[in-house]
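Using this note's numbering, the letters of the sequence shown correspond one by one to residues 1 to 160.
Just so it is clear, CB atoms sit at the ideal spot from N, CA and C, and this is done for glycine as well.
As the structure is a prediction and not an experimental result, all values here were calculated from the model.
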Amino acid sequence: MENFKRVLVVNRMSEYCRDAVQAGVSIARRYGSELMVLHIATNPEGTMSMAGGALNAPSAIPDEVKNYASIRERAKDELDQMIGQEIRAGLPIKVIIKEGKPVDEIMQVVKDEKIDLMVLLAHEEGRIEHMLFGRDNDAILRRMPCSILLIKREPEAVNW
1 MENFKRVLVV NRMSEYCRDA VQAGVSIARR YGSELMVLHI ATNPEGTMSM
51 AGGALNAPSA IPDEVKNYAS IRERAKDELD QMIGQEIRAG LPIKVIIKEG
101 KPVDEIMQVV KDEKIDLMVL LAHEEGRIEH MLFGRDNDAI LRRMPCSILL
151 IKREPEAVNW
């Protein structure tokens with residue numbers, strides 16, 4: 001692990017990315033790595049309209065997409081609070097904010113910052129994050145020049 005000097009956590013403004021951030025913080029503390037958190041903002045409505053077909057109809061946009069802005073805001077507030085706690089505890093964290101195509105933005109940051117290890121949430125089927133970024137994870141895995149740690153969340157119970 002001593003070769004993981006520069007760690008990047010990718011946060012896609014999701015309430016589920018907390019697990020990835022916690023993993024990145026843990027690695028940085030344990031191995032004395034430099035930690036960066038990349039926020040990627042994406043407009044789900046723009047993504048949906050680009051998808052074509054029936055998804056262009058306003059009635060076809062899932063409630064999850066309509067609520068994405070409030071979910072994103074809650075996630076950002078929670079993440080800012082968590083990062084703030086770590087910074088106050090002495091862990092230097094560089095925050096990078098990008099907007100655009102996730103694969104392109106992540107690739108550029110990995111190259112610019114000379115990242116050794118990227119920590120990324122493994123998205124689950126059926127979640128808005130998977131719909132927006134699921135294919136991007138595949139592209140990221142194939143194209144990244146660094147090691148990648150995928151953080152998987154435990155599935156939640158389904159209430160019938």
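Under DSSP, E73 takes part in no beta bridge, so it has no partner.
Boundaries of the beta strand (DSSP E) around S147: 147 to 152. In this structure, E113 keeps its C-beta atom at 9 Å or more from the C-beta atom of I140. Secondary structure of A89 (DSSP, three-state): coil. With 16 or more other Cβ atoms inside 10 Å of its own Cβ, R6 counts as buried.
Look at I27 here: in three-state DSSP terms it is helix.
Counting along the chain, no beta strand (DSSP E) covers I106; the unbroken alpha helix (DSSP H) around it starts and ends at 102 to 113.
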